[in-house]
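Colleague: Just so we're on the same page, our numbering is the position in the sequence shown counted from 1, plus 1071.
Cβ coordinates follow ideal geometry from the N, Cα and C atoms, glycine included.
Let me give you the structure first, and then I'll get to my questions.
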Amino acid sequence: IPDTIKDMPVVAIGGVGWDAFSLRVTLKSVTIPDSVREIGWGAFDSCASLERVTLGKGVTVIDAYAFDGCPKLSCNEYEGVYLATEDNPYYALLSMDADVKAPVFHPDTRIICGDALGECEKLGDLVIPEGILSVASYAFPELDTVSFPSTMAYISSSVFYICRCSGYRTCRRNTSEKP
């Protein structure tokens, strides 16, 4: 993917619609340039041969289903599946197993991708640690409370869209102040 097109920086892949590169069955490797900030909804959905993605350092949002249906995609694992930048193997949390009840985020994680925790049930009280910059669409399936860190720069407007909350939901920043 080029970093400019007709002297204009490429800052997003997909986003206006979705499926920017979906169903490209021969696509094997993608390098996202540093100029890209957002990878949109379903951008690489069903790229059955996609094996490797290298994220640029500028990526701050990866929306839901961006890499859904990519069974050959090589990822790093640490209590979940992660996409990497050149120098951070745990940059973006892509998914966690459905049986996770208390997510443990790698300390180097900066992005929680859309639908990353979508299969997890009954997360209860979730504290997103300092260092996380963004949370994309459909991130939380079922929880009671969520606390966001002071480092959070972006929260999708549909972050709770699929959330099945049984009671009162509280959102707050992680601070020393009482809510």
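#1: Are the stretch 1130-1137 and the stretch 1179-1196 touching by the rule of at least three beta carbon pairs closer than 8 Å?
#2: Kindly give me the distance between the Cβ atoms of Leu-1204 and Met-1223, rounded to whole angstroms, as I take these residues to be in contact under 8 Å.
#3: Considering only residues of the same chain and omitting the five flanking positions on each side of Ile-1103, which have a CB-CB separation below 8 Å?
#4: Note down the Cα distance separating Pro-1250 from Lys-1172, rounded to an integer number of angstroms.
#5: Within the stretch 1097-1166, note down every full beta strand (DSSP E) run reaching 3 residues or more, in order along the chain.
#6: Report back the beta-carbon spacing between Thr-1097 and Ser-1120 to the nearest angstrom; my notes put them in contact at under 8 Å.
#7: In the DSSP assignment, find the beta strand (DSSP E) that holds Asp-1215 and state where it starts and stops.
#8: Quick one: grab the DSSP three-state call for Ile-1199.
#9: Counting only the same chain and skipping the five closest in sequence on each side, list residues whose C-beta sits under 6 Å from that of Ile-1199.
#10: If distances are taken between C-alpha atoms only, which option among Val-1107, Arg-1095, Phe-1092 comes closest to Met-1079?
#11: In whole angstroms, what is the alpha-carbon distance linking Val-1101 and Ala-1155?
#12: Would you call the CB atoms of Cys-1191 and Pro-1212 closer than 8 Å?
#13: Whole angstroms is fine: what's the gap from Lys-1099's alpha carbon to Ser-1229's?
#14: Look at the alpha carbon of Gly-1195 and the alpha carbon of Pro-1142, and state the distance between them as a whole number of angstroms.
#15: From the DSSP output, in three-state form, read off Tyr-1225 for me.
Modeller: Reading it off the structure:
#1: yes
#2: Translated into the one-based positions of the sequence shown, residue 1204 becomes position 133. Translated into the one-based positions of the sequence shown, residue 1223 becomes position 152. Under the criterion of beta carbons closer than 8 Å, Leu-1204 and Met-1223 qualify as touching, at roughly 7 Å.
#3: Taking the sequence shown and counting its residues from 1, the one referred to as residue 1103 is at position 32. Here the set comprises Ile-1072, Ile-1084, Ile-1110, Val-1124, Thr-1125, Leu-1126, Gly-1127, Val-1130.
#4: Residue 1250 sits at position 179 when you count from the first residue of the sequence shown. Residue 1172 sits at position 101 when you count from the first residue of the sequence shown. Confidence in Pro-1250 is poor, its pLDDT being 38 and thus under 50, which makes the residue's placement unreliable; the coordinate value appears in the next sentence. Rounded to the nearest angstrom, the two C-alpha atoms are 24 Å apart.
#5: 1100-1102, 1123-1126, 1152-1156, 1163-1166
#6: Against the sequence shown, residue 1097 aligns to sequence position 26. Against the sequence shown, residue 1120 aligns to sequence position 49. Confirmed, Cβ separation roughly 6 Å.
#7: For the purposes of this step, residue 1215 is taken as residue 144 along the sequence shown, with counting starting at 1. Run containing Asp-1215: none; DSSP gives neither H nor E here.
#8: Counting from 1 along the sequence shown, the entry for residue 1199 is found at position 128. Of the three classes helix, strand and coil, the one that applies to Ile-1199 here is coil, per DSSP.
#9: Residue numbering aside, residue 1199 sits at position 128 when the sequence shown is read from its first letter. Phe-1219, Pro-1220.
#10: Position 8 of the sequence shown, counted from the first residue, corresponds to residue 1079. Nearest of Val-1107, Arg-1095, Phe-1092 to Met-1079, Cα basis: Val-1107.
#11: Locating residue 1101 in the sequence shown gives position 30, where the first residue counts as 1. Locating residue 1155 in the sequence shown gives position 84, where the first residue counts as 1. One alpha carbon belongs to Val-1101, the other to Ala-1155, and they sit about 12 Å apart.
#12: In the sequence shown, the residue the question calls residue 1191 occupies position 120. In the sequence shown, the residue the question calls residue 1212 occupies position 141. Closer than 8 Å, so yes.
#13: In the sequence shown, residue 1099 corresponds to position 28, counting from 1. In the sequence shown, residue 1229 corresponds to position 158, counting from 1. Cα to Cα, the separation comes out at about 30 Å.
#14: Walking along the sequence shown from the start, residue 1195 turns up at place 124. Walking along the sequence shown from the start, residue 1142 turns up at place 71. Each residue's alpha carbon lies about 30 Å from the other.
#15: The residue labelled residue 1225 in the question sits at position 154 within the sequence shown. It is a strand residue.
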